[in-house]
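First the structure, in the form of structure tokens, and then the observations on it.
4 protein chains.
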Amino acid sequence: MMNTRKTVVGVMGSGAAATPEDCQMAYNLGKLIAGEGWVLLNGGRPAGVMEASARGAREKGGLTVGVLPGTGGDQASPYIDIAIVTGMGDARNNINVLSSDIIVALPGGAGTISEIALALKNGKRVILLKFDTGTLFNKYRDLKQLIIAGTPEEAVPIIKKELLLQAVKK
Amino acid sequence: MMNTRKTVVGVMGSGAAATPEDCQMAYNLGKLIAGEGWVLLNGGRPAGVMEASARGAREKGGLTVGVLPGTGGDQASPYIDIAIVTGMGDARNNINVLSSDIIVALPGGAGTISEIALALKNGKRVILLKFDTGTLFNKYRDLKQLIIAGTPEEAVPIIKKELLLQAVKK
Amino acid sequence: MMNTRKTVVGVMGSGAAATPEDCQMAYNLGKLIAGEGWVLLNGGRPAGVMEASARGAREKGGLTVGVLPGTGGDQASPYIDIAIVTGMGDARNNINVLSSDIIVALPGGAGTISEIALALKNGKRVILLKFDTGTLFNKYRDLKQLIIAGTPEEAVPIIKKELLLQAVKK
Amino acid sequence: MMNTRKTVVGVMGSGAAATPEDCQMAYNLGKLIAGEGWVLLNGGRPAGVMEASARGAREKGGLTVGVLPGTGGDQASPYIDIAIVTGMGDARNNINVLSSDIIVALPGGAGTISEIALALKNGKRVILLKFDTGTLFNKYRDLKQLIIAGTPEEAVPIIKKELLLQAVKK
Numbered sequence: 001m002m003n004t005r006k007t008v009v010g011v012m013g014s015g016a017a018a019t020p021e022d023c024q025m026a027y028n029l030g031k032l033i034a035g036e037g038w039v040l041l042n043g044g045r046p047a048g049v050m051e052a053s054a055r056g057a058r059e060k061g062g063l064t065v066g067v068l069p070g071t072g073g074d075q076a077s078p079y080i081d082i083a084i085v086t087g088m089g090d091a092r093n094n095i096n097v098l099s100s101d102i103i104v105a106l107p108g109g110a111g112t113i114s115e116i117a118l119a120l121k122n123g124k125r126v127i128l129l130k131f132d133t134g135t136l137f138n139k140y141r142d143l144k145q146l147i148i149a150g151t152p153e154e155a156v157p158i159i160k161k162e163l164l165l166q167a168v169k170k
Numbered sequence: 001m002m003n004t005r006k007t008v009v010g011v012m013g014s015g016a017a018a019t020p021e022d023c024q025m026a027y028n029l030g031k032l033i034a035g036e037g038w039v040l041l042n043g044g045r046p047a048g049v050m051e052a053s054a055r056g057a058r059e060k061g062g063l064t065v066g067v068l069p070g071t072g073g074d075q076a077s078p079y080i081d082i083a084i085v086t087g088m089g090d091a092r093n094n095i096n097v098l099s100s101d102i103i104v105a106l107p108g109g110a111g112t113i114s115e116i117a118l119a120l121k122n123g124k125r126v127i128l129l130k131f132d133t134g135t136l137f138n139k140y141r142d143l144k145q146l147i148i149a150g151t152p153e154e155a156v157p158i159i160k161k162e163l164l165l166q167a168v169k170k
Numbered sequence: 001m002m003n004t005r006k007t008v009v010g011v012m013g014s015g016a017a018a019t020p021e022d023c024q025m026a027y028n029l030g031k032l033i034a035g036e037g038w039v040l041l042n043g044g045r046p047a048g049v050m051e052a053s054a055r056g057a058r059e060k061g062g063l064t065v066g067v068l069p070g071t072g073g074d075q076a077s078p079y080i081d082i083a084i085v086t087g088m089g090d091a092r093n094n095i096n097v098l099s100s101d102i103i104v105a106l107p108g109g110a111g112t113i114s115e116i117a118l119a120l121k122n123g124k125r126v127i128l129l130k131f132d133t134g135t136l137f138n139k140y141r142d143l144k145q146l147i148i149a150g151t152p153e154e155a156v157p158i159i160k161k162e163l164l165l166q167a168v169k170k
Numbered sequence: 001m002m003n004t005r006k007t008v009v010g011v012m013g014s015g016a017a018a019t020p021e022d023c024q025m026a027y028n029l030g031k032l033i034a035g036e037g038w039v040l041l042n043g044g045r046p047a048g049v050m051e052a053s054a055r056g057a058r059e060k061g062g063l064t065v066g067v068l069p070g071t072g073g074d075q076a077s078p079y080i081d082i083a084i085v086t087g088m089g090d091a092r093n094n095i096n097v098l099s100s101d102i103i104v105a106l107p108g109g110a111g112t113i114s115e116i117a118l119a120l121k122n123g124k125r126v127i128l129l130k131f132d133t134g135t136l137f138n139k140y141r142d143l144k145q146l147i148i149a150g151t152p153e154e155a156v157p158i159i160k161k162e163l164l165l166q167a168v169k170k
């Protein structure tokens with residue numbers, strides 16, 4: 001039997017502190033992800049990059065998964081199709097990255113940085129989208145595990161290439 | 001904007017220890033869940049009630065979510081569409097129940113019992129399908145939070161009624 | 001170098017719903033555990049069996065560890081020496097049992113039942129102290145993994161014997 | 001009744017990748033922490049900063065708590081007194097920081113960075129000991145939530161001052 005498990009792209013970034021530009025970028029990225037037939041996964045809350053990326057994906061007919069920190073599914077953004085309710089606060093950040101085939105990180109605060117770090121530690125590829133993390137993760141940049149993209153449109157072919165490499169390895 | 005979050009029905013029960021009868025029942029239940037347009041959520045592994053219920057749902061064109069205990073999405077049953085990779089072992093049982101709008105428990109061992117207990121503690125409705133838990137949860141049976149069903153066909157109208165009650169409460 | 005890791009005895013049971021008799025039994029058990037030089041581990045909250053067992057252990061000069069469901073150490077009972085703050089709600093029940101060398105379960109509700117089930121699933125020995133769980137765990141009773149005790153004084157030699165068996169196996 | 005909950009200082013840093021200099025620094029820090037009567041908490045494994053800091057604390061007669069990622073207490077360093085067994089991999093990093101009254105971070109990789117980020121997000125004070133995190137956490141440095149120390153001896157009075165401030169706030 002053919003395994004038809006869906007490809008999941010995780011999108012991380014600021015919640016309430018997101019700028020309008022970041023939200024626009026997240027919205028565009030969500031649309032592009034849905035356009036490729038990939039599932040969009042994020043932190044699920046109705047704020048910032050989470051809300052905007054889910055809205056973009058949904059408006060393009062895509063499927064959205066939100067991994068929530070709280071105990072109620074009603075805390076999800078209305079653009080989330082499937083709410084995974086963890087009740088475990090920021091410890092859920094590790095689930096976000098483990099559940100994603102690849103991660104795109106937009107500008108964010110300490111929560112987003114923790115997700116980038118947990119992703120890299122677990123061998124996941126991370127694409128930084130307009131997010132300057134300084135010198136901290138240089139080792140992973142040298143290994144091409146951390147990749148820089150300037151626009152959502154630039155991120156898509158990088159994701160495609162990485163997914164292809166993952167498929168070849170299996 | 002209309003919230004179109006999907007209804008999630010959790011299906012719990014034995015893994016490798018499941019009998020052929022239990023697997024048949026799980027398969028039929030999966031088909032019925034998908035037939036109603038509900039998402040089926042389970043523990044995601046390729047064994048017993050998990051595999052059979054996911055297979056039933058998928059053959060009926062439904063969407064399946066597997067919440068995995070391990071760290072790799074490749075540990076999912078091939079009938080799982082979306083793998084939530086927790087890497088947290090049995091602690092993920094709490095996520096299974098929090099993420100389900102209602103839970104159906106088929107015969108199972110200690111893992112399934114822990115899920116029933118966690119679900120009841122968190123105010124979730126649980127339908128026991130051919131699973132005799134003795135006197136242990138009598139308090140919840142009296143409160144109609146724990147409900148008995150004899151067949152998958154009997155479980156469906158119970159789920160419908162409970163989902164309606166939940167919608168009214170909101 | 002000699003490993004001097006301390007032996008940890010987990011004590012589970014009702015929170016606010018505990019009867020005065022159960023609390024007295026928990027208090028006595030806590031004293032006995034401390035008297036043997038064992039660390040007492042429980043759910044850490046200032047209620048019922050948790051509070052009473054920690055108080056007993058502390059009054060006897062013992063060390064107490066509370067594994068809290070919430071995000072603040074100030075939610076611990078004042079009789080807890082070391083607060084492990086999980087912020088993950090009932091999913092912390094799995095940590096309670098994995099961290100205990102052996103578990104004693106006093107009468108409790110769904111939370112306690114989930115801990116018994118998770119402990120048995122993970123191969124831990126569980127001593128039931130005046131807690132009738134019906135027929136549900138008969139398989140584990142037959143395997144002597146689940147053991148019945150009538151009083152705290154009866155539980156202590158059972159714990160000693162089991163710890164000795166564990167030491168021999170290593 | 002007086003609350004005698006112990007003060008917990010979390011020590012984070014590299015595992016197997018730690019340099020001899022970092023291990024020496026961790027060892028000295030562990031001794032100083034124990035000398036003040038504080039409990040030392042770390043990730044519990046027998047490697048690098050974890051092992052060295054626990055050894056220092058224990059040699060000075062202090063109490064050590066290790067929050068382990070795996071499912072077995074036997075995976076702890078022999079210098080750990082109390083093993084908290086989470087079975088949840090890197091998601092346990094969030095427990096490390098929530099359970100610490102203050103955190104000291106020595107040079108480390110992605111795991112350590114995730115702990116710094118999670119700590120800052122949860123309002124914890126973090127002292128960087130010879131760990132240059134670049135510009136990434138500048139916001140928290142400006143808020144004095146992230147503090148720089150050059151030696152273990154320098155870190156101790158900073159910890160004392162911060163614990164005093166926390167006590168005053170309560």
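Chains as they are written, first to last, in full-length UniProt numbering: chain A, 1 to 170; chain B, 1 to 170; chain C, 1 to 170; chain D, 1 to 170.
Here a beta-carbon is modelled for each residue, glycine too, at the ideal position from N, C-alpha and C.
Return the residue from the list the options that minimises the CA-CA distance to residue i.
i: residue 78/C; options: 5/D, 107/D, 35/D; result: 5/D
i: residue 46/D; options: 83/D, 137/D, 133/D, 114/D; result: 83/D
i: residue 146/D; options: 113/D, 153/D, 167/D, 170/D; result: 113/D
i: residue 124/C; options: 98/C, 142/C, 134/C; result: 98/C
i: residue 61/D; options: 36/D, 71/D, 76/D, 69/D; result: 36/D
i: residue 171/A; options: 91/C, 51/C, 52/C, 67/C; result: Residue 171/A is absent from the model: chain A starts at 1 and stops at 170.
i: residue 25/A; options: 51/A, 44/A, 43/A; result: 51/A
i: residue 32/D; options: 143/D, 67/D, 63/D; result: 63/D
i: residue 85/B; options: 43/B, 139/B, 115/B, 166/B; result: 43/B
i: residue 21/A; options: 53/A, 40/A, 38/A; result: 53/A
i: residue 116/B; options: 110/C, 56/C, 162/C; result: 110/C
i: residue 94/A; options: 139/A, 39/A, 122/A; result: 122/A
i: residue 166/A; options: 19/A, 100/A, 75/A; result: 100/A
i: residue 39/C; options: 65/D, 58/D, 48/D; result: 65/D
Quick one: what does DSSP say residue i is sitting in, helix, strand or coil?
i: residue 12/A; result: strand
i: residue 91/B; result: helix
i: residue 159/C; result: helix
i: residue 1/C; result: Its pLDDT being 49, under 50, residue 1/C is placed unreliably in this model, and the value from its coordinates should be taken loosely. Residue 1/C falls in the coil class under three-state DSSP.
i: residue 47/B; result: coil
i: residue 30/B; result: helix
i: residue 106/B; result: coil
i: residue 63/C; result: coil
i: residue 165/D; result: helix
Following the continuous beta strand (DSSP E) through residue i, name the residue where it begins and the one where it ends.
i: residue 146/C; result: 146-149
i: residue 122/A; result: From DSSP, residue 122/A is part of no beta strand (DSSP E); its letter is neither H nor E.
i: residue 82/B; result: 82-85
List the whole-angstrom C-beta distance separating residue i from residue j, where the pair is believed to meet the contact cut-off of C-beta under 8 Å.
i: residue 13/A; j: residue 107/A; result: 6 Å
i: residue 182/B; j: residue 10/B; result: Not covered by the structure: residue 182/B. The range shown for chain B is 1 to 170.
i: residue 131/A; j: residue 105/A; result: 5 Å
i: residue 67/B; j: residue 96/B; result: 5 Å
i: residue 89/C; j: residue 87/A; result: 4 Å
Could you spell out the range, first to last residue, of the alpha helix (DSSP H) harbouring residue i?
i: residue 140/A; result: 138-142
Of all the residues that make up the stretch 117-129 of chain A, which are near chain D by a beta-carbon distance shorter than 9 Å? 117, 118, 119, 120, 121, 122
Please list the residues of the stretch 64-92 of chain D that have a C-beta atom closer than 7 Å to any C-beta atom in chain B, keeping them in chain order. 71, 87, 88, 89, 91
Any residues in the stretch 149-166 of chain B with a beta carbon nearer than 8 Å to a beta carbon of chain A? Which ones, in chain order? none
Could you please tell me which residues of the stretch 134-150 of chain A, in chain order, have their CB closer than 7 Å to any CB of chain D? Identification of residues in the stretch 134-150 of chain A having a C-beta nearer than 7 Å to some C-beta of chain D yields 134, 135, 136, given in sequence order.
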